[in-house]
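In the numbering used here, the protein residues as written are 1 to 253.
All residues carry an ideal CB built from backbone N, CA and C; glycine is no exception.
Only a predicted model underlies this, so the values are computations on that prediction, with no experimental measurement involved.
Have a look at this one:
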């Protein structure tokens, strides 16, 4: 049985089990392999290339991913000891299980890298987990040809997200359900402002003073002042004009 090094290890070891038919234990991940990296002709990666670290749960998956990416000039594959500086981390698995989630959470702590998931089977229940783990892009392994992989990597490096069409539809349904069943009954929205806060700032943007806002919203002037002060404090805004500018820039009003 091949013993696969976990991502928290700094060394790789291989042992052979004489029992025929043994398989690799799930939940252990190979870190990026230096032998799979393209070496730049002269010190450092040329401009425009995206640095990538590959994490796979077995040697076959890792070898296949490296084989796809190593020949592309847009990609710089990083060895294990440089994985933390990757712009993009690619996690290659059969399915999203508990060990995969643990790995994704570890990668999430590195704010300098974005994580993409190349997965064989994606259960609908894994969508919430993927969001919580900060996964920026998903590609099914059956669709992971060379061009799609490079597109995925470059999109993530540019700050974009990539999802298969059916998962995007499920994500939109999930957000709609969350708004309808959880937030609306509490007067909240998915933005950083409550519905009441957004309405008061919208009135400020229309030139209303405290008394006019109180009259239009049926709140006391003291409540209006407290609400606007709370928004300014929470979002570290200097004044009402700053609050209006913030809300407009972020599409909140």
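Environment of residue 249 [buried if 16+ CB atoms lie within 10 Å]: exposed
Outcome for residue 84 when other beta-carbon atoms lying within 10 angstroms are tallied against a minimum of 16: exposed
One or two residues paired with residue 140 in a DSSP bridge: According to DSSP, residue 140 bridges with 119.
Residues sharing a beta bridge with residue 53, DSSP: In the DSSP output, where bridge partners are listed per residue, residue 53 has 89.
Rounded separation between residue 153 and residue 91 - CA only: Going by C-alpha positions, residue 153 is about 12 Å away from residue 91.
Stretch pair the stretch 141-158 + the stretch 47-64: three plus CB contacts closer than 8 Å: yes
Distance CB(residue 252)-CB(residue 198) smaller than 8 Å: yes
Best match in 226, 206, 143 and 224 for proximity to residue 241 [C-alpha to C-alpha]: 206
For residue 76, the three-state DSSP class (helix, strand or coil): The answer is strand: DSSP assigns residue 76 an E or B state.
For residue 135, the three-state DSSP class (helix, strand or coil): strand
Residue 110 CB to nearest heavy atom of the ligand SAM below 7 Å: No copy of the ligand SAM occurs in the structure displayed, which carries no ligand at all.
Neighbour-count burial assignment, residue 112, 16 or more Cβ in a 10 Å radius: Of the other Cβ atoms in all chains shown, fewer than 16 fall within 10 Å of the Cβ of residue 112; this residue is therefore exposed.
Distance between beta carbons of residue 134 and residue 102, contact taken as under 8 Å: With 8 Å as the limit, residue 102 and residue 134 do not qualify as a contact, their Cβ atoms being about 14 Å apart.
Integer-rounded CB distance, given that residue 193 should sit under 8 Å from residue 227: Not quite, the Cβ-Cβ distance comes to about 10 Å (not below 8 Å), so this is no contact.
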